[in-house]
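One line per chain: the protein sequences are A and B, in this order.
Counting with this note's numbering, you get residues 1 to 195 for the letters of the first sequence.
Counting with this note's numbering, you get residues 1 to 195 for the letters of the second sequence.
Step one of this worksheet: look at the structure below.
Protein chains: 2
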Amino acid sequence: MPAKLDHEARRRDVSAAVWRVLATEGFGGLTLRAVATELNATTGLVTHYFPSKQALIVHALELAEARTRALVPPTENSRGLEALKQALAAVLPLTPESTELNRVWVSSWDAALADPELRTMEMSRYTRWRARLKPLVVQAQQDGDLPPTNPNDLVAGLAAFTHGLVVQALFDPKAFPHKRLRHLLDTHLAALRQS
Amino acid sequence: MPAKLDHEARRRDVSAAVWRVLATEGFGGLTLRAVATELNATTGLVTHYFPSKQALIVHALELAEARTRALVPPTENSRGLEALKQALAAVLPLTPESTELNRVWVSSWDAALADPELRTMEMSRYTRWRARLKPLVVQAQQDGDLPPTNPNDLVAGLAAFTHGLVVQALFDPKAFPHKRLRHLLDTHLAALRQS
DNA sequence: CGGCATACATATCAACTGTTATGTACCTAC
DNA sequence: GTAGGTACATAACAGTTGATATGTATGCCG
């Protein structure tokens with residue numbers, strides 16, 4: 001077994017550089033040189049850890065997913081509608097970090113729609129997101145906080161509402177300040193509650 | 001005044017080629033060469049009608065907007081909630097043409113978020129879209145078909161819901177067939193109606 | 001110490017990008 | 001017909017892209 005030094009740690013350094021590039025230049029600005037420059041290194045280093053551009057892109061998306069998941073609060077100290085609200089609010093661009101994340105996601109859709117592999121990955125991500133939201137929706141339904149309609153449809157609608165808000169807020173942050181985003185989510189959930 | 005031949009008609013040919021490239025390759029695939037090849041011509045032709053890449057991109061977006069507007073039915077034979085429903089359904093990818101359009105829009109967001117001019121353009125487009133929806137929402141409110149809450153918030157929420165559905169449907173058309181998209185929109189509007 | 005991976009830097013590659021200069025055929029106006 | 005602008009084709013440009021081959025230093029294992 002040959003020496004490993006600290007391969008994983010160095011790889012994480014490259015990861016961090018990848019993320020900085022994504023956050024500042026967007027997905028279209030992700031190039032081997034940009035990452036290398038960010039590391040004060042050369043393309044040789046980058047290709048040493050990521051053999052191809054596609055591998056680098058896939059890694060970048062995994063990175064974005066990990067960061068997204070880290071942002072979502074654990075659903076343990078709350079349940080039902082309140083937990084659902086928190087889970088959706090975690091996606092909204094309410095912090096600089098979340099804004100950065102959303103910008104990366106939205107900018108990735110160009111490449112994701114064009115490449116079959118990336119497209120499938122993004123599709124799966126959406127499916128997993130909805131699956132994670134579903135139990136919260138069902139709980140809220142059982143609590144009488146959401147109408148007893150098809151939960152899958154409710155989940156899809158809530159995911160749509162949230163991401164649609166994200167896109168509008170990214171393009172027009174002044175028209176969608178944090179307070180309004182929270183208000184929109186709150187009143188939307190309240191409006192769905194049947195009386 | 002020098003001869004004009006049919007400058008505008010030829011320019012429309014280039015436009016059509018631009019659109020074909022956008023529809024098949026997405027926004028990231030829009031290059032002078034791709035447009036020229038689509039026309040069986042050279043880059044000289046393209047630059048003759050569009051002096052720079054930026055001009056070509058702006059034109060491409062104007063083209064998308066014109067096509068989008070053409071898809072939205074006139075709000076004259078209906079009013080209120082029904083007109084609103086039709087206006088929103090017109091945006092959903094229910095036809096190949098609309099799917100094509102939405103794919104172009106979503107894929108444009110990468111470039112739009114990175115370039116200040118394009119970003120402003122997209123922001124204005126959203127503002128105009130919401131302004132066009134607002135009177136329909138107000139009508140529906142007056143008819144008692146929507147809750148008497150802040151109409152601007154209602155409009156933003158409906159735009160969000162619709163575009164969020166568009167994105168999910170683009171990535172997973174099998175999970176979001178036409179029938180389900182219509183159903184989701186119908187039930188969503190019905191759920192918002194206060195009882 | 002010697003062998004041998006690993007970890008890069010360096011350099012080069014062909015392909016592709018937008019831009020631009022130059023040529024040339026054509027139409028139109030005089 | 002001829003002068004001059006239009007409509008391209010052709011060509012070359014400098015820059016950037018991802019990929020790759022070759023070097024070389026540095027560690028660990030025997």
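Glycine is no exception: its CB is placed at the ideal position from the N, C-alpha and C atoms.
- If you ignore the 5 residues before and after V137 of chain B, its C-beta comes within less than 8 Å of the C-beta of L84, L146, P151, L154, V155, L158, all in its own chain and listed in chain order.
- In the three-state scheme derived from DSSP, where H, G and I count as helix and E and B as strand, F50 of chain A is classed as coil.
- By the rule that beta-carbons nearer than 7 Å mark a contact, G26 of chain B touches chain A.
- When C-beta atoms of the region 104 to 120 of chain B are compared with those of the region 36 to 44 of chain B, fewer than three pairs fall below 8 Å, so the two segments do not count as touching.
- Listed in chain order, the positions of the region 113 to 147 of chain A with a beta carbon within less than 8 Å of a beta carbon of chain B are L113, A114, R119, E122, M123, Y126, T127, P147.
- With a threshold of 7 Å between beta carbons, L92 of chain B makes no contact with chain A.
- The DSSP assignment places no complete beta strand (DSSP E) segment of no fewer than 3 residues inside the region 114 to 146 of chain A.
- For H178 of chain A, not one C-beta of chain B is nearer than 7 Å to its own C-beta.
- The closest CA to that of T99 of chain B, considering only B:H178, B:L185, B:A9, is found on B:H178.
- Straight-line spacing of the CA atoms in T42 of chain A and T31 of chain A works out to 12 Å.
- For the set A:R12, A:Q141, A:G26, the Cα lying nearest the Cα of L81 of chain A is the one of A:Q141.
- With respect to the 7 Å criterion, H188 of chain B and G164 of chain A are not classified as neighbours on the basis of their beta carbons.
- The C-beta of A112 of chain A has 16 or more other C-beta atoms within 10 Å across all chains shown, which makes the residue buried.
- By the CB criterion at 7 Å, L22 of chain B and A55 of chain B fall outside the cutoff.
- Contacts between S107 of chain A and chain B, judged by CB atoms closer than 8 Å, involve W109, D110, L113, A114 in chain order.
- G26 of chain B sits in coil when the DSSP states are folded into three classes, being neither helix nor strand.
- Distance between L88 of chain A and G44 of chain B, taken at the CA atoms: about 50 Å.
- Taking C-alpha positions only, L63 of chain A is separated from T127 of chain B by approximately 33 Å.
- In the three-state DSSP reduction, T43 of chain B falls in the helix class (H, G or I).
- Under the DSSP assignment, E38 of chain A falls in the alpha helix (DSSP H) whose first and last residues are 32 to 38.
- Within a 10 Å sphere around the beta-carbon of R12 of chain A sit fewer than 16 other beta-carbons, which makes this residue exposed.
- The beta carbon of Q139 of chain A sits closer than 6 Å to those of R79, G80, all from its chain and outside the five residues before and after it, given in chain order.
- Per DSSP, reduced to three states, the secondary structure at N152 of chain B is helical.
- Contact of A23 of chain A with chain B is not assigned, every C-beta pair being separated by 7 Å or more.
- Contact of L184 of chain B with chain A is assigned, a C-beta pair being separated by under 7 Å.
- For the C-beta of V35 of chain B, not a single chain A residue is nearer than 8 Å; the gap to the nearest is close to 17 Å.
- Proximity of chain B to T149 of chain A at the Cβ level (cut-off 8 Å) is accounted for by T187, A191, in chain order.
- Excluding its 5 nearest sequence neighbours in each direction, W105 of chain B has C-beta neighbours in its own chain below 7 Å: A64, listed in chain order.
- Only exposed fits S52 of chain A, as fewer than 16 other CB atoms lie within 10 angstroms of its CB.
- Interface criterion not met: the Cβ of G44 of chain A is under 7 Å from no Cβ in chain B.
- For E76 of chain B, no alpha helix (DSSP H) encloses it, and the DSSP letter there is neither H nor E.
- Not one beta carbon of chain A lies nearer than 7 Å to the beta carbon of Q54 of chain B.
- Around the beta carbon of R33 of chain A, fewer than 16 other beta carbons lie within 10 angstroms, which makes this residue exposed.
- Not a single C-beta of chain A is nearer than 7 Å to the C-beta of L181 of chain B.
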